[in-house]
Structure formats: C-alpha cells, structure tokens
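Protein chains in written order, with the numbering used here: chain A, 674 to 838; chain B, 674 to 838.
Positions of the beta carbon are idealized from the N, C-alpha and C atoms, including for glycine.
Here the structure is a predicted model, which is why all the values come from computation and not from measurement.
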Ligand SMILES: C[C@@H](O)[C@H](N)C(=O)O
Ligand SMILES: C[C@@H](O)[C@H](N)C(=O)O
C-alpha cells in the first residue's frame with residue numbers, strides 16, 4: 674500500500690457561503706464565479722452537490738474578512754432568482770491531511786474522520802482530492818482537530834513526517 | 674499572477690452515491706467510510722455539504738462497476754435511519770484541470786466553468802483544491818468537456834503544456 678500522509682494543516686478564519694436552490698443548468702456556475710473573480714475575491718474551496726431535479730447547492734469558503742463583499746456580490750447576482758438563498762457561516766476552520774496516493778484506499782479518509790470523531794468534533798463540510806482531504810469544522814475545534822489528526826497519522830515534530838501503512 | 678494550469682484530465686466510468694439527510698453529528702462520516710473501506714471499495718472523491726440543522730448530504734464517486742456493492746453497504750448502514758436516503762447516479766465522468774497556485778484567483782475556476790458552459794455542458798458536482806478543480810458531468814459530455822477545457826487553457830499536444838497568465 675503506497676499511501677503516504679506527509680502532513681496536516683489548519684486554516685483558520687474561514688467563512689463559508691452556501692447558495693441553495695441554484696438553478697442547475699449550464700452557465701450558472703460560470704456566472705457566479707465570474708462575478709466573484711471580478712470583485713477580486715479569493716475563494717478557498719468550492720463544493721457543489723445536486724439537490725434535486727434542476728437544483729444544486731454551491732458552497733464555497735473565503736477568508737472571513739471578505740464576507741461582507743461576497744454577500745454583496747451574491748445578493749446582486751441572485752436578485753432575479755427568488756428561489757436561491759444565500760447562507761453565510763462565520764467562525765470556521767479547515768483541517769486537512771496532505772499526502773500522496775490517498776485516493777487508492779478509503780482508509781485515510783476513514784482514519785481522519787475517526788480522529789475527529791474521537792474528539793467529538795463535528796465535520797461540517799468535506800472536500801477531497803488524491804493528495805488532500807479537508808474537513809470544515811467550527812473554528813473553536815481547530816487546534817484540537819489538528820492535534821488529533823497529527824496523532825492519528827503519527828506526524829510529530831520530532832519524527833520524520835511520513836507515515837507509511 | 675503565478676497560476677499555472679499544466680494539464681487537464683478526464684476520468685470516465687464513474688458513478689456517484691449521494692446520501693441525503695445524514696445525521697450531522699460527530700462519528701457519522703467515520704462510520705460510513707469505515708464500512709466502505711472494510712468492503713474494499715475504492716472511493717474517488719468525497720463531498721459533504723450541511724443541508725439543515727443537524728442534517729448533511731454526503732456525495733462520493735466510485736468506479737461504476739463497484740456500485741452494486743456500495744449500494745449494499747450503504748443500505749445496511751442506514752437500515753436504522755429512516756430519514757437517510759441513498760441516491761445513485763451512473764453514467765458520469767469527471768473533468769479536471771490540474772495546476773499550481775490555482776486557489777490564489779477564482780479566475781481559473783471561472784474559466785473552466787465558462788468553457789463547459791460554452792459547450793452547454795451541465796456541471797453536476799464540483800470539488801476543488803489548490804492544485805485541482807474537478808467537475809462531475811454526464812459521461813456523454815466527457816470527450817467534449819476535455820476538449821473545451823484543453824482549448825480554454827491552451828493545453829495542446831504540440832505546445833508546452835503550461836499556460837501562465
Ligand atoms: C449549478 C451549476 O453548477 C450549473 N449546473 C452549471 O453548470 O453551471
Ligand atoms: C455528517 C457527518 O460528516 C458528521 N457531521 C460527522 O462529523 O461525522
């Protein structure tokens with residue numbers, strides 16, 4: 674098994690914006706992120722799930738201090754679309770494990786989620802790629818989450834930070 | 674601007690499983706992916722969005738041929754939880770752009786979404802990281818999507834596949 678979890682990271686001071694009941698047809702995502710890019714807003718991660726026939730929820734994270742501007746841009750965008758709602762959450766953090774070949778086994782995701790569960794930390798959003806698994810959690814859970822994940826994957830300061838299974 | 678989109682990729686023969694109205698409390702994600710790992714199912718990407726107080730939707734992609742087994746594992750898991758529903762989608766593909774420093778500007782996401790919109794391709798799910806933006810689309814849109822994204826980011830076979838902006 675060639676999975677290598679090499680490090681864990683904590684990103685603080687995040688806010689999330691969830692756009693619910695977004696019309697699920699071509700061009701909508703492009704329009705949203707064009708407006709956001711035009712306002713020079715930096716987006717951390719983007720998640721979208723289809724929620725029903727012709728509807729989707731798009732959730733993305735931004736630095737907390739940009740939230741007022743993001744809200745303004747989104748409200749303007751959806752003025753016409755009465756069904757789309759904008760929900761903002763402050764006080765979030767993102768804990769991630771970074772590695773290589775993580776997609777080969779679900780084992781790494783399971784281990785990370787279990788580590789957070791051990792600390793009774795609620796996982797609010799999840800996004801993954803082959804080299805990174807990120808969980809959005811409450812800001813206050815941040816430092817504890819990082820510690821739990823470090824321990825679960827044996828990533829200590831004194832050790833070589835590669836855990837092979 | 675140090676964004677470098679170096680390549681695009683198409684992953685075919687994917688199926689997605691969406692678990693809706695999953696209880697949003699610590700330990701649930703760990704339990705789900707423990708059962709999936711125990712069944713030796715390989716998971717491609719995992720997305721989770723909170724959908725209401727104490728509820729979340731978890732959506733993940735798997736290779737199409739593993740879908741029957743995934744369904745079996747999920748049904749068993751949620752036998753007790755009457756509110757959780759399992760939705761499976763076949764005939765999906767994932768088109769991705771890969772690069773470095775992509776999170777610094779939303780511009781890359783916008784450009785990718787716009788390229789797909791040009792081809793009237795509906796983006797069904799989205800997941801991102803600093804080095805990768807992935808869109809789940811209908812399988813039939815796959816080859817066209819890859820071509821559109823290649824063109825949008827100037828990634829040709831004859832050219833050096835790095836597009837700096
Ligand atoms: C919802 C949004 O992603 C839409 N499906 C699009 O293609 O732009
Ligand atoms: C829904 C699920 O992710 C849950 N919040 C957990 O922490 O496990």
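Cα atoms of residue 715/A and residue 766/B: separation of roughly 28 Å, rounded to the nearest angstrom. In the displayed model, residue 828/B falls within coil according to three-state DSSP, outside both helix and strand. Neighbours of residue 719/A across chain B, judged by C-beta separation under 9 Å: 779, 782, 799, 800, 801, 806. Taking non-hydrogen atoms of ligand 1 into account, the C-beta of residue 815/B is found less than 7 Å away from none of them. For residue 706/A, the three-state secondary structure derived from DSSP is helix. Collapsing the DSSP output to three states places residue 697/B in coil.
Linking residue 697/B to residue 729/B through their CA atoms gives a straight-line distance of about 6 Å. Around the beta carbon of residue 710/B, 16 or more other beta carbons lie within 10 angstroms, which makes this residue buried.
For residue 820/B, no Cβ of chain A is located within less than 8 Å of the residue's own Cβ. DSSP places residue 790/A in the helix class (H, G or I) of the three-state scheme.
For residue 740/A, there is no enclosing beta strand (DSSP E); the enclosing alpha helix (DSSP H) covers residues 740–750.
Taken atom to atom, the span from the alpha-carbon of residue 744/B to that of residue 811/A is near 31 Å. Note on residue 828/A: 16 or more other CB atoms within 10 angstroms of its CB, so buried under the neighbour-count rule.
When DSSP states are grouped into helix, strand and coil, residue 812/B belongs to the helix group.
Listed in chain order, the positions of the region 730–759 of chain B with a beta carbon within less than 8 Å of a beta carbon of chain A are 730, 731, 732. Under the Cβ criterion of 8 Å, residue 764/A is not counted among the residues facing chain B. Using a CB distance cut-off of 8 Å, residue 694/B does not count as an interface residue toward chain A. Under the Cβ criterion of 8 Å, residue 707/A is counted among the residues facing chain B. Under the Cβ criterion of 8 Å, residue 699/A is counted among the residues facing chain B. Per DSSP, reduced to three states, the secondary structure at residue 783/B is helical. Around the beta-carbon of residue 818/A, 16 or more other beta-carbon atoms lie within 10 Å, marking it buried. Neighbours of residue 679/A across chain B, judged by C-beta separation under 8 Å, do not exist; the nearest C-beta is about 14 Å away. Among the residues of chain A, those whose CB is under 9 Å from the CB of residue 796/B are 697, 699, 701, 702, 703, 721, 729, following chain order. Going by beta carbons, residue 792/A and residue 685/A fall outside the 8 Å limit. Placement of the Cβ of residue 700/A at a distance of less than 7 Å from at least one heavy atom of ligand 1 is found.
In the three-state scheme derived from DSSP, where H, G and I count as helix and E and B as strand, residue 712/B is classed as coil.
Inter-residue distance for residue 724/A and residue 769/B is about 22 Å (C-alpha atoms, whole angstroms).
Residue nearest to residue 755/B within the set 695/B, 678/B, 705/B is 695/B (criterion: CA-CA distance). When DSSP states are grouped into helix, strand and coil, residue 805/B belongs to the strand group.
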